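Quick notes on the structure that follows.
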Amino acid sequence: MSKTNWRNVRPSNIQDAFGWCIRYAKHKHNRSVEGIADLMGVNHWTLYKWIGEGDMPAKLIRGFEMHCGTDYVSRWLVESAGKMVIEVPRGKQCGAGEIHHFQSDCNAATGLLITFYGELQGLDETLASLQTLLEQTAWHKGNVEKYRQPELPFDEEG
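Mapping the sequence shown onto UniProt numbering, position 18 (from 1) lands on 18, and the numbers just tick up by one.
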């Protein structure tokens, strides 16, 4: 069984986004649908229905994602409108590990692009990889720009 790269997950529809949230919650936090429903204060059968139909009330999506620990539904909503999701950069120093992840994702996207154009296969994987790469590039651009006017480091111990 291969390890899931949660950073590169790109749901193809709303039900898929809900499903990935549930899988993430189970894998990372050992939370079941019943547990998530309990934390949200709703009946678990109602939550199953919303997930199955992709029909959760908008005001409950953020709470659902918070209890799952990920935001695949919000990301899908934004990306399905043709937009990009970029984490807000804070101007933090990046180490070799983060740059290595970025370089690995660049190489993976390039490999998928070569395969796609050569064999016309892997459309969804190629699009997901390119989306991830665009978001990471935009984040690093914003992070580097933050060095012009850094914010106070409230999250660092001093």
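Glycine residues also receive a C-beta, built at the ideal position from the N, C-alpha and C atoms.
Since the model is a prediction, treat every value here as computed from it, not as a measurement.
Item: When the distance is taken between beta carbons, is HIS67 closer than 9 Å to LEU113?; Value: no
Item: Alpha carbon to alpha carbon, what distance is there between GLY142 and ASN43?; Value: 42 Å
Item: Rounded to a whole number of angstroms, what is the C-alpha to C-alpha distance between GLU145 and ASN30?; Value: 38 Å
Item: What are the complete alpha helix (DSSP H) segments, minimum 4 residues, inside the stretch 3-60?; Value: 14-29, 33-40 and 44-53
Item: What is the rounded straight-line gap between the Cα of ILE36 and the Cα of PHE64?; Value: 7 Å
Item: Measuring straight from C-alpha to C-alpha, what distance separates GLU119 and HIS27?; Value: 34 Å
Item: Please report how far the alpha carbon of TRP20 lies from the alpha carbon of LYS3, in whole angstroms.; Value: 14 Å
Item: Mind reading off the beta-carbon distance from ARG75 to VAL85? Whole number of angstroms is fine, and I expect it under 8 Å.; Value: 5 Å
Item: DSSP three-state label for GLY111, please.; Value: helix
Item: Along the chain, where does the alpha helix (DSSP H) that runs through TYR72 open and close?; Value: 72-80
Item: Under three-state DSSP, which class holds GLY63?; Value: helix
Item: Assuming TYR24 contacts TRP6 under a Cβ cut-off of 8 Å, what Cβ separation, rounded to an integer in Å, is found between them?; Value: 6 Å
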